[in-house]
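To start, the structure under review is shown below, and the notes come after it.
Number of protein chains: 2
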Amino acid sequence: MPHPSDLESARTSEAASPRTLIQDVYQRLRADIISGELKPGTRLRAEHLKSIYNVSGATMREALGLLVSDALVIAREQRGFIVAPVSLEDLADITATRAMLEAHAVRMAIRQGDDEWEAELSGAFHRLSRAEERRAGATADDYWEACNKKFHEALVAGCQSQWTRHFLTILYRQSERYRRIARFNAPPDRDVHAEHVAIYEAAIARDEERAGEVIELHINSTLDVLRGLGEGVLAEEGYQLSPRIRA
Amino acid sequence: MPHPSDLESARTSEAASPRTLIQDVYQRLRADIISGELKPGTRLRAEHLKSIYNVSGATMREALGLLVSDALVIAREQRGFIVAPVSLEDLADITATRAMLEAHAVRMAIRQGDDEWEAELSGAFHRLSRAEERRAGATADDYWEACNKKFHEALVAGCQSQWTRHFLTILYRQSERYRRIARFNAPPDRDVHAEHVAIYEAAIARDEERAGEVIELHINSTLDVLRGLGEGVLAEEGYQLSPRIRA
DNA sequence: ACAAGTCATAATCTCGAGATTTTATCAAAT
DNA sequence: ATTTGATAAAATCTCGAGATTATGACTTGT
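The listed protein sequences correspond, in order, to chains A and B.
Each residue of the first sequence is one higher than the last, beginning at 1 in the UniProt record's numbering.
Each residue of the second sequence is one higher than the last, beginning at 1 in the UniProt record's numbering.
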């Protein structure tokens, strides 16, 4: 039975080589926004971008419209598109909402997850652990980011609610953007790996209550790190014009 | 402080006469889908629709792309758009997720809401009460639907989390569609008004716990009504081709 | 010197037609 | 009789240009 968010789910998994130009541009644009190459607040003029992405203006507009779904770009009527601004207040909202939703999803997964879920989770945890002992305290890299994403996806994969997972996908992308914006400014002084271990063990032990608590603490603590840096980091990185875009 | 979902919020309130054709078509299409005039599963061929809505094919496509954000339309690569299908399983997911999120939002509103929130809520409750004593057990009408929507919006308006409200907006639209699809098949044998009274009183009394419980029961009971009718109602109404569209 | 109004520039929004892909039809072979 | 393959039709996807609207600079008046 197809579900409204199947499309989103498809987007989440490995970006199956898009067969339409719109999907292609959509994915590239999204990556550029999340990676921070397109800074928050940047005006997205279709006239300029179409020469960069080598597509027509109409195609560009459609891709931008798709990005609005993810709340990564904002459409102002008759005034074009801009990259969604960032703020500490927004980050706090994203974090709190995600912590609540993901705790709920994990509890659900623990209740409903089958052997396949456990197996996938175990694999994702193993991959993440290796990535974490390899970088050993260094700042986050792309590979770690991918492993972390897969671990969190595997955690909630056992949750039967497609809508809950859909919303979590959106929120994860948002938090990922914040994490990358402040990537080089945030030295991880806390033991992230220990937190992941606690989450994993609680999940495998089928301890709903503990898993919910731990995951909530885990997500909320990422906010504290950024908050400690102050709003300056965001203001400094954001609202910059003429961003450099990858070739 | 602008927020990604400001656009959505704007859509929610009185549809300020859209200044672009795309927004106009988007709103009309959305209304036609939610009202049930465009049945679930219907193929949305831009070539056909453009003559109905009197716009170009490209404009039509953009409006359809916007609908994908709301998960009311599904885009299949190179194979066009269709109205999102319905199923009892999907409705159960929508309902459960909304019950959880709205209970959370109401508790938050009770904690954070100010006098203005109480005043607006009181007004919305009054309006809804009048609408309910007027129809007195009859099937739901458009005016009641509008009042109900405003009541629920007023309830969560005090919740500071824009993301939570954003997700609730999406879920409400989904549930509204299901309600209208089975509108004439579902005689309200329960006392909906009593439930609304309980919610309102708990909210005004600032009783977080009770308000959360009551709203969760309230939302979940709407599922029970539809479930009692069986999947037949949805199958019967849905998956029909060549829908009739308003002039 | 400052404010308000006016006009040129630039960007967005919209359109109709052409290129590509999918879907349906139909004949032929096992 | 069923399946396979090729062909025709329909729909989607993409483009470049024209119409509409917003932005910024300039002039004018107090």
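Every residue gets a Cβ at the ideal spot worked out from N, C-alpha and C, and that includes glycine.
Burial state of histidine 126(B), where buried means 16 or more other Cβ atoms lie within 10 Å: exposed
Counterpart residues of leucine 44(B) in DSSP-defined beta bridges: Phe81(B)
Let's see if you can read the secondary structure: which residues bound the alpha helix (DSSP H) around valine 25(B)? 21 to 35
Give me the chain A residues within the contact set of methionine 100(B), using Cβ-Cβ distance strictly less than 7 Å, ordered along the chain. His104
**Validate contact between the region 80 to 91 of chain B and the region 39 to 54 of chain B using beta carbons, cut 8 Å, 3 pairs** = yes
Using a Cβ cut-off of 9 Å, pull out every chain B residue sitting near glutamine 112(A), in sequence order please.
The premise fails here: glutamine 112(A) is roughly 12 Å from chain B at the closest Cβ pair, so nothing lies under 9 Å.
Point to revise | 6 Å CB neighbourhood of alanine 99(B) in its chain, flanking five on each side removed | key: Glu216, Ile219 and Asn220
In chain B, which residues lie less than 7 Å from glycine 65(A) when you measure between Cβ atoms?
Glu62, Gly65 and Leu66
With distances taken between CB atoms, is the gap from aspartate 70(B) to isoleucine 170(B) smaller than 8 Å? yes
Can you tell me whether tyrosine 143(B) is buried or exposed, with buried defined as 16 or more other CB within 10 angstroms of its CB? exposed
Item to check | Contact set between glutamate 77(B) and chain A, taken where Cβ atoms lie within less than 7 Å | outcome: Arg19, Thr20 and Gln23
### Task
Mind checking who valine 73(B) pairs with in its DSSP beta bridge?
Val83(B)
Does any CB atom of chain A fall closer than 8 Å to the CB of arginine 11(B)?
Note that arginine 11(B) scores a pLDDT of 36, beneath 50, so its modelled location is shaky; the value from the coordinates is reported in the next line. Judged by the 8 Å Cβ criterion, arginine 11(B) is not in contact with chain A.
Item to complete: Determine the direct distance from the alpha carbon of leucine 121(A) to that of glycine 158(A), and round the result to whole angstroms.
Response: 9 Å
- valine 68(B) in three-state terms, based on DSSP: helix
Q: Could you confirm whether any beta carbon from chain A is found closer than 8 Å to the beta carbon of glutamine 27(B)?
A: no
Requested in this report: Report yes if the CB atom of methionine 60(B) is closer than 8 Å to the CB atom of alanine 75(B), and no otherwise.
Outcome: no
Notebook entry, point to check: What in chain A is Cβ-close to tryptophan 163(B), meaning under 9 Å?
Noted result: Ala71, Asp90, Asp93, Ile94, Ala96, Thr97, Arg98, Phe167, Ile170, Leu171 and Gln174
| Euclidean distance between Cα positions of phenylalanine 151(A) and leucine 128(A) | 7 Å
inquiry  = Would cysteine 68(A) and leucine 21(A) be called neighbours here (beta carbons separated by less than 8 Å)?
reply    = Correcting the residue identity first, residue 68(A) is valine in this sequence and not cysteine. Contact: no.
| message | Restricting to Cα atoms, I'd like to know which of Ala119(B), Glu145(B) and Ser51(B) is closest to alanine 131(B). | response | Glu145(B)
- Query: Are the beta-carbon atoms belonging to alanine 109(A) and tryptophan 117(A) less than 8 Å from one another?
  - Reply: yes
Does the CB of alanine 194(B) have a neighbour CB from chain A at under 8 Å? no
Worksheet item: Is DSSP giving glycine 228(A) helix, strand or coil here?
Response: helix
**Asked** Exposed or buried, histidine 196(B), counting other C-beta atoms within 10 Å across all chains shown (16 or more means buried)?
**Response** buried
**Study point:** Beta-carbon neighbours of alanine 58(A), restricted to chain B and to distances below 7 Å
**Key:** Ala58
Report task. Rounded to whole angstroms, what's the CA-CA distance from glycine 228(B) to alanine 92(B)? Just pull it up for me. Result -> 13 Å
*asked:* On the CB-based measure, 16 or more other CB atoms within 10 Å of its CB, does serine 175(A) come out buried or exposed?
replied: buried
- Using a Cβ-Cβ cut-off of 8 Å (strictly less than) and excluding sequence neighbours within five positions of serine 161(B), which residues of its own chain qualify? Ala105 and Met108
For this session: May I ask which residues mark the beginning and end of the alpha helix (DSSP H) holding residue 248(A)?
Result: Any property of residue 248(A) remains undetermined from this structure, which presents chain A solely from 1 to 247.
Straight-line CA distance for alanine 203(B) to glutamate 213(B)? 11 Å
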